[in-house]
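Below is one structure, written out as structure tokens; the observations come after it.
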């Protein structure tokens, strides 16, 4: 039996419920209604409200199933929430496997709703027919006595329904869906308070939908504001980077990276035109799922032609661009937007090009430099069609405009940098010339001084050293005569005997031999020093010759020997540790290399003298023979240096010593000697508190 009635005048048989039972049911219904309203106020999730409500209503009415069905714009639909008892299957899961389940409720349930003999087409044409807000519902106590079609009975049997009540759900006077309660066996006479309760619940669902739609609108507005704010922030960041950096490549790369991330696009590129209107990609940002175009254009040069011959052809023809130098492209106004390449009327040629880019949608913005078309800024969506928003296009236009400004600024900066480079090079050459002049004068003066000293010392010391042997022989003979006299002339003069006793002749004869031996050692040492001075200066030798590197190091150490000894009665003598490899004679500028050894060792000694924390100062010297070069490493355990000092250690006139203790030229000259004169390398490695290492690498042939 079916019945239809207005909500305001419900007249349905009450069945066998007593007055007390009715009152209890009303209390329960009201409690459930209040709880549902409270959930709607507290929750912003419609799905949660639907699921909770269907559960509560099913338990309260003690029915087999309660379901919510939503219409699509074409009046098809699907179940979106349900609650069912034990032993029944889910309609939501079934409709995934049986799409016709959704079609049937549209063609049968709605057609049957309110005894209106209409078809789906009627509902589509009239947007719901005569269904008016909160006045449409359908109740059936027994589907087998309601004159339903076999189609509809079969559908209801698939729902496990013998009886049902269906209530229309409206959202702002527009039919949204259905709220249905199904009862299996036996048939059921629906009470007026049950129907009224379901109508009230459906009305509250309509309110929840309205609130959700309003909230969705607010969220969309908020997201739009956030998006706009992010875009402006990204634009400000891009502009700041353009102003801050002088590297145009960095500007290009960072800008397109931010463009892609901000637009959430699959690819963003920057394309530059050549004077003949061909061009190439110069910067790209792409997600890991897609092939970079910049790598493809190296393998397939025709890609660079296509963007000129096809992409720009969508804006104007290539010939027109060449003839008119850009045609109608006006600054800041040219852009091309495509939401779906397959629905844009493009030629097969252009679609093939875009497919090679893996693109489905794109936005292309012209980049101008002082009214002249320079290139293109493009964003591509590869995964699906995309409707580009006006604010997104506006953002790209602004970025393209700032890129054009940056390009012009870069050209001006490039000119300035070229001039600065020339001035810097001239200054560098001046400093090098000055340093070389000082070096030359210093080496000449030092060589002359050393040679002069060696010459002046050499003659007298050779005379002394050469005659010491004869003096020793003479002294021995005189002592022999004296001993014979003492032995055989016993009756000598008393004065002579008295003088011999007072002179301690025995001690003198012994000590005289020792003195002569010490003098011989001393003169040999002086000879060695003189030889070292001559070897160090090598003034009388050819500038380039094959020499023993170890000899040059040893000569330098010998000349610095006085500085290695302890001072002020302390025990802090500087220990020299030699770890020499078997080195061949190396063809080089020996005098200059000796100067390098002198400068590095002198600096190491200076550092160790000032570094009182180190109780056992030492300098280690390593040499290594490789296939094509020789390496000399000089290591000290001094105070080391900070990175800022290490970066400038070879700069001319840079020194950390006090005024009067250093000119700042020693290491600079050493660097030039090694790198320029010997085509080698001079490197310094140091850490504060961990000493310093100098590596000298000299090629065997240069």
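In this note's numbering, the protein residues as written are 898 to 1599. Here a beta-carbon is modelled for each residue, glycine too, at the ideal position from N, C-alpha and C.
In terms of Cβ geometry, residue 1079 and residue 1053 form a close pair [threshold 9 Å].
Between the alpha carbons of residue 1163 and residue 1156 lies a gap of roughly 11 Å.
If you ignore the 5 residues before and after residue 1279, its C-beta comes within less than 7 Å of the C-beta of 1163, 1164, 1187, 1255, 1256, 1257, all in its own chain and listed in chain order. Around the C-beta of residue 1452, 16 or more other C-beta atoms lie within 10 Å, and the residue is accordingly described as buried.
Take the alpha-carbon of residue 1321 and the one of residue 1515: they are about 40 Å apart. Going by DSSP, residue 1157 is part of the alpha helix (DSSP H) stretching over 1145 to 1160.
According to the DSSP assignment, residue 1184 belongs to no alpha helix (DSSP H), since it is labelled neither H nor E.
Under the three-pair Cβ rule at 8 Å, the stretch 1053 to 1066 does not count as touching the stretch 942 to 955. Residue 1539 and residue 1277 have their C-alpha atoms some 49 Å from each other. Beta-bridge partners of residue 964 (DSSP): 979, 1077.
Straight-line spacing of the CA atoms in residue 1243 and residue 1283 works out to 17 Å. By the criterion of a C-beta distance shorter than 8 Å, residue 1068 is surrounded in its chain by 1103, 1106, 1107, 1110, once the five residues flanking it on both sides are discounted. Straight across, the Cα-Cα distance linking residue 1443 with residue 1569 is about 20 Å.
Exposed is the label assigned to residue 994, since fewer than 16 other Cβ atoms lie within 10 Å of its Cβ. For residue 950, there is no enclosing beta strand (DSSP E); the enclosing alpha helix (DSSP H) covers residues 943 to 958.
The three-state secondary structure of residue 1391, taken from DSSP, is helix. Around the beta carbon of residue 970, a 10 Å sphere encloses fewer than 16 other beta carbons of the protein chains shown; the residue is thus reported as exposed.
Contact between residue 1043 and residue 966 is absent: CB atoms are separated by about 19 Å, not below the 8 Å threshold.
Scanning its chain for C-beta atoms nearer than 8 Å, with the 5 sequence neighbours on each side dropped, one finds around residue 1476 the residues 1517, 1518, 1519, 1520, in chain order. Rounded to whole angstroms, the separation of the alpha carbons of residue 1381 and residue 1361 is 30 Å. Per DSSP, residue 1579 is not a residue of any alpha helix (DSSP H); the beta strand (DSSP E) it occupies stretches across 1578 to 1583. At a Cβ-Cβ threshold of 9 Å, residue 1153 and residue 1181 count as neighbours. Inside the stretch 1471 to 1537, DSSP marks whole alpha helix (DSSP H) runs of 4 or more residues at positions 1487 to 1507, from first to last along the chain.
Residues of the same chain with a CB within less than 7 Å of the CB of residue 960, apart from the 5 flanking positions on each side, are 1078, 1079, 1080 in chain order.
With a cutoff of 9 Å on beta-carbon distance, residue 1065 and residue 1034 are scored as near each other.
Less than 9 Å separates the beta-carbon of residue 963 from that of residue 954. Here the stretch 1530 to 1539 lies against the stretch 1576 to 1593, with 3 or more beta-carbon pairs under 8 Å apart.
Scanning the stretch 1226 to 1293 for uninterrupted beta strand (DSSP E) segments of 3 residues or longer gives 1232 to 1235, 1258 to 1266, 1269 to 1278, listed from N- to C-terminal end. Ranked by Cα distance from residue 1265, the options 1169, 1447, 1416, 1039 are led by 1169.
Inclusion of residue 1261 and residue 1274 in the CB contact set at 9 Å is warranted, their separation being smaller than that value. The DSSP-derived three-state label of residue 1072 is strand. In the structure shown, the three-state DSSP call for residue 1404 is helix. According to the DSSP secondary-structure assignment, residue 1168 is paired through a beta bridge with 1178, 1273. Among the bridge pairs identified by DSSP, residue 1048 is matched with none. Between the alpha carbons of residue 1368 and residue 1379 lies a gap of roughly 16 Å. Membership of residue 1034 in the beta strand (DSSP E) is indicated by the continuous run 1034 to 1037.
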